[in-house]
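Take the position in the sequence shown, starting the count at 1, then add 846; the result is the number in our numbering. Ideal Cβ positions, reconstructed from N, Cα and C, are used throughout, including at glycine. The model shown is predicted, which means the values in this text are computed figures rather than measured ones. Okay, so here's the structure we're looking at.
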Amino acid sequence: MIRQTKRIDNEQRTEDLRSRHIPRLLLSYALPAVVGTSVNALYNIADRIFIGQGVGEYAISGLTLTFPIMIFLQAFGMLVGAGASVRVSILLGMKDQAGAERILANAIMLTIVLSVMTIVPSYIFMEPLLRLFGASDRTLPYAMDYLRVIIPGNIFATLSFSYNAVMRASGYPTKAMIQMILGAVLNVALDALFIFVFDWGIAGAAWATVISMFVTMLFVMEHFTDKNSLIRFRRSAMRPSRSMIVSILGIGMAPFAMQLVGSAVTIVLNRSFVHYGGGGELSDLAIGVYGIINSYAMLVVMLVLGISQGMQPIVGFNYGAGNMDRVLYTYKLSVFTNSLITVIGFLLGILLPSVIVGFFTPSHSMISIGESAMRIALLSFGFVGFQITTTQLFQSIGMSMKAMFLSLSRQVIFLLPLLLILPRLFGLDGVWMAMPISDFSAAVITFVLVKQQLKKMKGNHTGHAHAPL
């Protein structure tokens, strides 16, 4: 009886993706994703607030110096999770459940292999890498204490992310949200306990993260071993498939490349702060300010990513089913909502920078630097929602090369060259100025590409073109 009820629920999920009113359907998928990603961002921000308020301003800078390594490690979770979730959505839209389950099995095996391959060299070369990234004698101890715990535990975070993306794509957005909330709440509670009660310093924040990721990994593993799940682990599916691995990596390459470039850009930024800040205390504080601005931007962007993630299974399913009207409507509604979010984020960052920085640190020096830096860095932040949503559109319909190009355009084509030019003309302010100019330039390229793609999709209707909106 329970199995029959679950089968009916799964059929209803499929029918919803095919025919439910788009605004309500997007809300049902996006709301859990928004809550999940926002809570996820909040616990990262809480990490930094606890570290800034409970350990010190140089601890924030030390944490910021770990970003390139952390982004590098997280990139492999993005590579597998994003690629697998898109393939699962498209295969379910084509009514190929067995294929979706083989994608799931191959994704998990791939995640484990890649995690082991990246953890060992990251741990061995930790100190020289941090020195290369701009660590000083004031900030290096904090960065080392954090990474000694985080790097070995990264496999839990990577598996948790990959599982979560596939869970959401297979029609369980609420359960995916619960997983993220569970991790966030546990992480914040352990942060407070380890930093303020046990006095473990920045290492306490790292232990809190690793433990919470381990628990959420167990939570989502249980879902995919449940016989009543729409797709689940099956022994028959646990066979490596070269074609499936290639398809996962091909689609996931866009967010993966974006993460790797993000790691490289963070290194260049940190080195720029060291060089144009004089290599002393100002440099260390500027690195910490960048970490704070990054945290604020991440909070806003996580809202955008949540809506984009909610959009992904709807777009992927209906693209696979040939319902182009539903694909277009979902995309346009997502762009409007996400653009509104980033415009509000821009206004708050411009009007209240000292308040935002003050949440992270009581340091007057850091607040003073952050006030002017945030006003410059966020000048074009309002365009980010459109750019992220459009990149997700291309990824959701399997156009991985265009998605990769858009993912990389801001950072490779614009930001990196600007970081080499503007600071020579304007000093430290030039580092901050490179950010809004690259945001705006990437939005222009995105507009040109999506305008062409939307025109093609409008002329590519099938017999399902008049499916309900």
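From L1036, D983, P869, P967, pick the residue whose C-alpha is nearest to that of N890; which is it? Locating residue 890 in the sequence shown gives position 44, where the first residue counts as 1. Nearest C-alpha to N890: L1036.
D942: which of E1127, A1167, L1264 sits nearest, CA to CA? On the sequence shown, residue 942 is found 96 positions in, with the first residue counted as 1. The shortest C-alpha separation from D942 is found at A1167.
Would you report the Cα separation of V880 and M1157, rounded to the nearest angstrom? The residue labelled residue 880 in the question sits at position 34 within the sequence shown. The residue labelled residue 1157 in the question sits at position 311 within the sequence shown. Looking at the two C-alpha atoms, the distance is approximately 11 angstroms.
Can you tell me the Cβ-Cβ gap for F1232 and A1289, rounded? I've got them flagged as a contact below 8 angstroms. On the sequence shown, residue 1232 is found 386 positions in, with the first residue counted as 1. On the sequence shown, residue 1289 is found 443 positions in, with the first residue counted as 1. Right, their Cβ atoms sit about 6 angstroms apart.
Should the stretch 1151–1165 be regarded as contacting the stretch 925–935, the criterion being three or more beta carbon pairs within less than 8 angstroms? yes
Restricting to runs no shorter than 3 residues, where is the beta strand (DSSP E) found entirely within the stretch 989–1041? none
Alpha-carbon to alpha-carbon, A944 and I1048: Locating residue 1048 in the sequence shown gives position 202, counting from the first residue. Locating residue 944 in the sequence shown gives position 98, counting from the first residue. I1048 and A944: Cα-Cα distance of roughly 45 angstroms.
Is the Cβ-Cβ distance between V789 and L909 less than 8 angstroms? For residue 789 there is no data in the structure shown, the boundaries of the chain being 847 and 1315.
Which residues in the same chain as F1163 place their Cβ atom closer than 6 angstroms to its Cβ, once the five residues preceding and following it in sequence are excluded? On the sequence shown, residue 1163 is found 317 positions in, with the first residue counted as 1. Cβ within range, chain order: L863, S935, G939.
In whole angstroms, give me the CA-to-CA distance for E861 and V1012. Along the sequence shown, read from residue 1 onward, the residue named residue 861 stands at position 15. Along the sequence shown, read from residue 1 onward, the residue named residue 1012 stands at position 166. Computed Cα separation, rounded: 19 angstroms.
When burial is assigned at 16 or more other CB atoms within 10 Å of the CB, is T1071 buried or exposed? By 1-based counting over the sequence shown, the position of residue 1071 is 225. Answer is exposed; the Cβ neighbour count stays below 16.
Since W1046 is in the alpha helix (DSSP H), which residue starts that stretch and which ends it? Here residue 1046 corresponds to residue number 200 of the sequence shown, with the count starting at 1. Note, W1046: premise wrong, no alpha helix (DSSP H); not H, not E.
Quick check: the stretch 1114–1125 against the stretch 1251–1270, are at least 3 beta-carbon pairs closer than 8 angstroms? yes
Rounded C-beta distance between A1030 and V885? I'm assuming under 8 angstroms. In the sequence shown, the residue the question calls residue 1030 occupies position 184. In the sequence shown, the residue the question calls residue 885 occupies position 39. The Cβ separation is near 4 angstroms, so the contact holds.
Classify I1243 as helix, strand or coil using the three-state DSSP reduction. For the purposes of this step, residue 1243 is identified with residue 397 of the sequence shown, where counting begins at 1. Looking at I1243 - three-state DSSP - the assignment turns out to be coil, as it is neither helix nor strand.
Other residues of its chain near R1078: CB distance less than 6 angstroms, five sequence neighbours each side excluded: Against the sequence shown, residue 1078 aligns to sequence position 232. If we look at R1078 and ignore the five residues flanking it on each side, its Cβ neighbours are F1070.
Do you know how far the Cα of F1286 is from the Cα of V995? Taking the first residue of the sequence shown as 1, we reach residue 995 at position 149. Taking the first residue of the sequence shown as 1, we reach residue 1286 at position 440. Whole-angstrom Cα-Cα distance: 38 angstroms.
For R1080, which residues from the same chain have a beta carbon less than 6 angstroms from its beta carbon, with the 5 sequence-adjacent residues on both sides left out? Position 234 of the sequence shown holds residue 1080. Excluding sequence neighbours, R1080 sits near E947.
Counting Cβ pairs closer than 8 angstroms, one from the stretch 916–931 and one from the stretch 1055–1074, do we hit at least three? no
Does the beta-carbon distance from A953 to I1094 come in below 8 angstroms? One-based indexing of the sequence shown puts residue 953 at position 107. One-based indexing of the sequence shown puts residue 1094 at position 248. Against a cut-off of 8 angstroms, the Cβ pair of I1094 and A953 comes out as a contact.
Using the three-state DSSP reduction, which class does T1292 fall into: helix, strand or coil? Sequence index remark: in the sequence shown, residue 1292 carries index 446 (1-based). T1292 falls in the helix class under three-state DSSP.
What did DSSP end up calling K1073 once you bin it into helix, strand or coil? Here residue 1073 refers to the residue found at position 227 of the sequence shown. Reduced to three states, the DSSP call for K1073 is coil.
DSSP-derived helix/strand/coil call for F979: To locate residue 979, count along the sequence shown from 1; it is residue 133. Of the three classes helix, strand and coil, the one that applies to F979 here is helix, per DSSP.
Measure the C-alpha to C-alpha separation of I1097 and G1244 and round it to an integer number of angstroms. On the sequence shown, position 251 is the one that residue 1097 refers to. On the sequence shown, position 398 is the one that residue 1244 refers to. Answer to the nearest angstrom: the Cα atoms are 6 angstroms apart.
Does DSSP put M1059 in a helix, a strand or coil? Along the sequence shown, read from residue 1 onward, the residue named residue 1059 stands at position 213. Residue state, collapsed to three classes: helix.
Whole-angstrom C-beta distance between N1033 and A1054, which should lie under 8 angstroms: Looking up residue 1054 in the sequence shown gives position 208. Looking up residue 1033 in the sequence shown gives position 187. Indeed they touch by this definition, with Cβ atoms about 5 angstroms apart.
K1301 to A1103 span [Cα, whole Å]: Working through the sequence shown from its first residue, we reach residue 1301 at position 455. Working through the sequence shown from its first residue, we reach residue 1103 at position 257. Those two C-alpha atoms are separated by around 27 angstroms.
Should F971 be labelled buried (16 or more other beta-carbon atoms within 10 Å of its own) or exposed? Indexing the sequence shown from 1 puts residue 971 at position 125. It is exposed - the Cβ of F971 has fewer than 16 other Cβ atoms within 10 Å.
Residue from V1173, V1230, R1117, M1026 with nearest C-alpha to S1185: Taking the sequence shown and counting its residues from 1, the one referred to as residue 1185 is at position 339. Looking at the Cα atoms, V1230 is the closest of the given residues.
C-alpha gap between I906 and I949, whole angstroms: In the sequence shown, the residue the question calls residue 906 occupies position 60. In the sequence shown, the residue the question calls residue 949 occupies position 103. Roughly 39 angstroms separates the two Cα atoms.
Contact the stretch 952–968 vs the stretch 1016–1026: 3+ CB pairs below 8 angstroms: no
Taking 7 angstroms as the limit between beta carbons, can you name the residues of its chain near P1086, skipping five residues before and five after? Residue numbering aside, residue 1086 sits at position 240 when the sequence shown is read from its first letter. Closer than 7 angstroms at the Cβ level, and outside the excluded window around P1086, lie N952, M955.
8 angstroms Cβ cutoff met for T1112 and F913: For the purposes of this step, residue 1112 is taken as the residue at position 266 of the sequence shown. For the purposes of this step, residue 913 is taken as the residue at position 67 of the sequence shown. For T1112 and F913, yes; Cβs fall inside 8 angstroms.
Have a look at V926 and F1042 and give me their C-alpha separation to the nearest angstrom. Here residue 926 refers to the residue found at position 80 when the sequence shown is read from its first residue. Here residue 1042 refers to the residue found at position 196 when the sequence shown is read from its first residue. Rounded to the nearest angstrom, the two C-alpha atoms are 36 angstroms apart.
N890 - DSSP class collapsed to helix/strand/coil: Start at 1 with the first residue of the sequence shown, and residue 890 comes out as number 44. Here N890 sits in helix by DSSP.
Any non-hydrogen atom of the ligand GDP within 7 angstroms of V934 CB: Absent from the structure shown: the ligand GDP. Ligands present: none.
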